[in-house]
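Residue numbers (the numbering used here): 1310 to 1501. This report concerns only the one structure given below.
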């Protein structure tokens, strides 16, 4: 990866079809001469194959690609030297892969290795993740466990990130910039 230069870590959160991937891709494209896309999804059915095809089409030939459903830290570290921007799409799918293929007990070690790789980055990294905690409580224990793990992972990455963006209806809302979270408004007389 290119040494020096723009090396922010950006977490881009949002719900399904919120525009998070499109925003993150546009940001990395605008800041990078040699972008890398790290895809964590695997083809599981025709619908997923179509989603992947559409993502590939939207990226174009300028992007390099690493497909890595589990060893995300290895994919980050193996970026070619000329890469100056990385898009990870997405942390939530990666977490699901780890949970379902390796089990709950493996999640902390995978997460620790990911956080170490993000800390050691030498270029811009934009990581996309689903905001899963704003919906109904999942009916099944595995769903509740996944929701909790995803929320905790998002919190860890957000704490380490230089910028956090929440996308809603295709619009970006900056929650954290320059390593500082947005300050809450002061309490007024009507807030008691």
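The C-beta atom is built at its ideal place from N, Cα and C for all residues, glycine as well. If you're wondering where the values come from, they're calculated on a predicted model, not measured in any experiment.
{"query": "Rounded C-alpha distance that separates residue 1342 from residue 1433", "result": "11 Å"}
{"query": "Whole-angstrom C-beta distance between residue 1425 and residue 1377, which should lie under 8 Å", "result": "Between residue 1425 and residue 1377 the Cβ distance is about 16 Å, and since that is not below 8 Å, they are no contact."}
{"query": "Runs of alpha helix (DSSP H) wholly within the stretch 1355 to 1379 (minimum 4 residues, chain order)", "result": "1355 to 1368"}
{"query": "Where the beta strand (DSSP E) through residue 1435 begins and ends", "result": "1433 to 1439"}
{"query": "Beta-carbon contacts of residue 1453 that lie in its chain and below 6 Å, excluding the five residues immediately before and after", "result": "1447"}
{"query": "6 Å CB neighbourhood of residue 1385 in its chain, flanking five on each side removed", "result": "1426"}
{"query": "Nearest residue (CA-CA) to residue 1368, options 1335, 1475 and 1359", "result": "1335"}
{"query": "Exposed unless 16 or more other CB atoms sit within 10 angstroms - verdict on residue 1329", "result": "buried"}
{"query": "Closest residue to residue 1350 among 1480, 1461 and 1397 (Cα-Cα distance)", "result": "1397"}
{"query": "Residues of its chain near residue 1423, where Cβ-Cβ distance is below 7 Å and the 5 sequence neighbours each way are ignored", "result": "1381 and 1382"}
{"query": "Minimum C-alpha distance to residue 1419 - residue among 1474, 1407 and 1428", "result": "1407"}
{"query": "Nearest residue (CA-CA) to residue 1327, options 1490, 1479, 1488 and 1487", "result": "1479"}
{"query": "Cα-Cα separation between residue 1487 and residue 1390, rounded to whole angstroms", "result": "26 Å"}
{"query": "Element boundaries [beta strand (DSSP E), containing residue 1472]", "result": "1472 to 1477"}
{"query": "Residue 1341 at chain C interface by Cβ criterion, 8 Å", "result": "The structure shown contains no chain C; it holds only a single protein chain."}
{"query": "Rounded separation between residue 1460 and residue 1344 - CA only", "result": "28 Å"}
{"query": "Nearest to residue 1370 (by Cα), restricted to the options 1473, 1458 and 1346", "result": "1346"}
{"query": "Per-residue burial, residue 1412 [other beta carbons within 10 Å of its own, 16 or more giving buried]", "result": "exposed"}
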